[in-house]
Amino acid sequence: MNSWRVSGTILLFIAMIALCGPLTHLHAGPHDGLPVLNEDWDRSTPRRSMRQYLDACRDNDYLSAAYYMDLSGIPRSQQQKQGPELAWKLKFVLDRTLWVDYELISDEPTGKPEDGARTDKIGEIELGRRTVPVLMSRVWVGPDQYIWLISAQTVQQIPELYRVHGAGRAPELLDPVFFEYRFWELYAWQWVGIGLFIPLALLLGWLLSFPLLKLAQIIARRTNIQWDDIIIEAARWPVRVFLTLVLAKLSFNYLKFSVPVQATTDGIIQSGFILTTAWMISRFVSLAAESLRERLKESGEESLQSRGARTQLIVLRRVINIILYMIAGALILTQFEVLREIGMSLLASAGVAGLVIGLAAQNTISNLLSGIQLAITQPIRIGDTVIVEGEWGWIEEINLTYVVVKVWDLRRLVVPIKRFLDSPFQNWTKVSPEILGTVYFYTDYTAPIDKIREELERYVKAHN
Numbered sequence: 069m070n071s072w073r074v075s076g077t078i079l080l081f082i083a084m085i086a087l088c089g090p091l092t093h094l095h096a097g098p099h100d101g102l103p104v105l106n107e108d109w110d111r112s113t114p115r116r117s118m119r120q121y122l123d124a125c126r127d128n129d130y131l132s133a134a135y136y137m138d139l140s141g142i143p144r145s146q147q148q149k150q151g152p153e154l155a156w157k158l159k160f161v162l163d164r165t166l167w168v169d170y171e172l173i174s175d176e177p178t179g180k181p182e183d184g185a186r187t188d189k190i191g192e193i194e195l196g197r198r199t200v201p202v203l204m205s206r207v208w209v210g211p212d213q214y215i216w217l218i219s220a221q222t223v224q225q226i227p228e229l230y231r232v233h234g235a236g237r238a239p240e241l242l243d244p245v246f247f248e249y250r251f252w253e254l255y256a257w258q259w260v261g262i263g264l265f266i267p268l269a270l271l272l273g274w275l276l277s278f279p280l281l282k283l284a285q286i287i288a289r290r291t292n293i294q295w296d297d298i299i300i301e302a303a304r305w306p307v308r309v310f311l312t313l314v315l316a317k318l319s320f321n322y323l324k325f326s327v328p329v330q331a332t333t334d335g336i337i338q339s340g341f342i343l344t345t346a347w348m349i350s351r352f353v354s355l356a357a358e359s360l361r362e363r364l365k366e367s368g369e370e371s372l373q374s375r376g377a378r379t380q381l382i383v384l385r386r387v388i389n390i391i392l393y394m395i396a397g398a399l400i401l402t403q404f405e406v407l408r409e410i411g412m413s414l415l416a417s418a419g420v421a422g423l424v425i426g427l428a429a430q431n432t433i434s435n436l437l438s439g440i441q442l443a444i445t446q447p448i449r450i451g452d453t454v455i456v457e458g459e460w461g462w463i464e465e466i467n468l469t470y471v472v473v474k475v476w477d478l479r480r481l482v483v484p485i486k487r488f489l490d491s492p493f494q495n496w497t498k499v500s501p502e503i504l505g506t507v508y509f510y511t512d513y514t515a516p517i518d519k520i521r522e523e524l525e526r527y528v529k530a531h532n
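In this note's numbering, the protein residues as written are 69 to 532.
Shown next as structure tokens:
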């Protein structure tokens, strides 16, 4: 009887061992299936573990990176194959969606109390209509021995995260060498894509602009309004640049840039849109001003009004361009996080900075304001005959800070614009091209005055 009991106990023990074998195989430890590496890893805190995981990925050592992931949910026989692959996929997803800030990760062995006793939350990644938390977990590896690893829950989500945020079919189509080398947070395949997409965007933008502009010209010809022709001419080149930027932005979406590269690329393209818009408006203002100047080319009594309007157009066009590009520059600064912070710092010290800049550039600012004042009050106009600084000539050019006087002997006298507001000068054509003058005839005392008077009257009547 006892022998039967002993035999039954032995058989039961063997059966338990046989059953536990597959279970042990299925429920492996975090790294039981990985080859043993003689590495001195510090996985005592979430921050250190995450930092070393990312460092290993940047060194293309994805086998070592797998040691910072809890692979207990993967069969032991598959860990050596899937571990490095999952480490690479998670790094790619993190680069695209969650730029890790080490300062926000706990450097305490117990992690953050608010995240749970054995977990530390790194961040969240959007996955469809839900978000997936990226967690670090505290794993027991021996008596009083704990290490921090990327949680098994997060590891299980990597395939789905990579399907949504990964590189698509690029790894299947390209040689693995294109995914090994990186420069400025860009893989080699992304650099190749940039080199291909930019010329392609330029070519397609150029080709697409022709039918669009042609259609706009056909519509403009059917109207009696001249302004639509000016708008089309002003938009000719900016439209080509705009289309190129749109195509570049669309094509760059296929390159799966990392978070900082995507932010920089978006900032550059957005700045291009801002500059292109400012350029188009500037061209429209210039062409519209030129069109108005052509209309104002009249002679006779209206020439004074014409020259006054031309003067205002010149100054107004330059003022609009200055304001336009100042606004464009300010908008461009807001497209980049670093420049935005610098801009906020400058705004915080705007009082002192404004005082210093104002003192250093008071003459320039004064001349700019004088140019605007001159355009409004119009003490001089284009084509006026003046005597300034003892020189007789014509107003040839008016800028925001200076005036060019064409002297009678074809010399050019450049005068600060403030001079025409602060100091006296002669303007012979301010009201009318006609002026009163004194003519002296030096004659003999015996000259016939009556005959000279008659000849003078005849000459004046003939040339009136």
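We treat Cβ as the ideally placed atom computed from N, Cα and C, and that holds for glycine.
Same chain, Cβ closer than 7 Å to residue i, five either side skipped, listed in chain order
{"i": "S354", "result": "R385"}
{"i": "Q225", "result": "V200"}
{"i": "D535", "result": "Beyond the ends of the chain as shown, which are 69 and 532, falls residue 535; an answer cannot be given."}
{"i": "A303", "result": "M348"}
{"i": "A356", "result": "I298"}
{"i": "L392", "result": "A346, I349 and S350"}
Cut-off 8 Å between Cβ atoms - residues of its own chain near residue i, not counting five sequence neighbours on either side
{"i": "D452", "result": "R375, W462, I463, N495, W496, T497 and K498"}
{"i": "V456", "result": "V473, L481, V483, R487, F488, F493 and Q494"}
{"i": "F251", "result": "W259"}
{"i": "Q150", "result": "L139 and I142"}
Cα-Cα separation, residue i to residue j
{"i": "S174", "j": "A133", "result": "20 Å"}
{"i": "V475", "j": "T312", "result": "48 Å"}
{"i": "R126", "j": "A220", "result": "22 Å"}
{"i": "P473", "j": "N389", "result": "Correcting the residue type first, residue 473 is Val in the shown sequence and not Pro. Their backbone Cα atoms lie some 24 Å apart in a straight line."}
{"i": "S491", "j": "I342", "result": "42 Å"}
{"i": "V202", "j": "A396", "result": "39 Å"}
{"i": "Y513", "j": "K519", "result": "14 Å"}
{"i": "I485", "j": "R449", "result": "12 Å"}
{"i": "Y255", "j": "D169", "result": "21 Å"}
{"i": "F404", "j": "V327", "result": "13 Å"}
{"i": "F278", "j": "M394", "result": "31 Å"}
{"i": "G263", "j": "R308", "result": "19 Å"}
{"i": "E153", "j": "S145", "result": "14 Å"}
{"i": "L158", "j": "L122", "result": "10 Å"}
Cβ neighbour criterion (16 or more within 10 Å) applied to residue i
{"i": "R115", "result": "buried"}
{"i": "P306", "result": "buried"}
{"i": "Y230", "result": "buried"}
{"i": "H531", "result": "exposed"}
{"i": "Y527", "result": "exposed"}
{"i": "I286", "result": "exposed"}
{"i": "A515", "result": "exposed"}
{"i": "A421", "result": "Note that A421 scores a pLDDT of 49, beneath 50, so its modelled location is shaky and nothing firm can be said."}
{"i": "E369", "result": "In this prediction, E369 scores a pLDDT of 47, lower than 50, which makes its location untrustworthy; no coordinate-derived value is stated."}
{"i": "D163", "result": "buried"}
{"i": "F320", "result": "buried"}
{"i": "A124", "result": "buried"}
{"i": "A398", "result": "exposed"}
Local conformation of residue i per DSSP, three classes
{"i": "E253", "result": "coil"}
{"i": "V387", "result": "helix"}
{"i": "I173", "result": "coil"}
{"i": "Q213", "result": "strand"}
{"i": "M109", "result": "Residue identity differs from the one stated: residue 109 is Trp in this sequence, not Met. Of the three classes helix, strand and coil, the one that applies to W109 here is coil, per DSSP."}
{"i": "P447", "result": "coil"}
{"i": "Y470", "result": "strand"}
{"i": "D297", "result": "helix"}
{"i": "M496", "result": "For clarity, residue 496 is Trp in the given sequence; the question names Met instead. In this structure, W496 counts as coil in the three-state DSSP scheme."}
{"i": "P484", "result": "strand"}
{"i": "K189", "result": "strand"}
{"i": "V200", "result": "strand"}
{"i": "I400", "result": "helix"}
{"i": "W274", "result": "helix"}
{"i": "L195", "result": "strand"}
{"i": "R126", "result": "helix"}
{"i": "V454", "result": "strand"}
{"i": "S491", "result": "coil"}
{"i": "S219", "result": "coil"}
{"i": "S438", "result": "helix"}
{"i": "S319", "result": "helix"}
Any chain C beta carbon closer than 8 Å to residue i
{"i": "I336", "result": "The question asks about chain C, but that chain is absent: this structure has only one protein chain."}
Close beta carbons around residue i, own chain, < 6 Å, minus the five adjacent residues each side
{"i": "D297", "result": "A288"}
{"i": "G179", "result": "P114 and D188"}
{"i": "L315", "result": "A269, L272 and G273"}
{"i": "D110", "result": "R116"}
{"i": "S112", "result": "P177"}
{"i": "L166", "result": "G191 and I193"}
{"i": "R351", "result": "A302"}
{"i": "W460", "result": "W476"}
Sufficient close CB pairs (3 or more, under 8 Å) joining the segment 116-123 to the segment 197-216: Output reads yes: the segment 197-216 touches the segment 116-123.
The segment 99-111 / the segment 128-147 touching (three or more Cβ pairs under 8 Å): By the Cβ test, the segment 99-111 is in contact with the segment 128-147, since at least three Cβ pairs between them sit closer than 8 Å.
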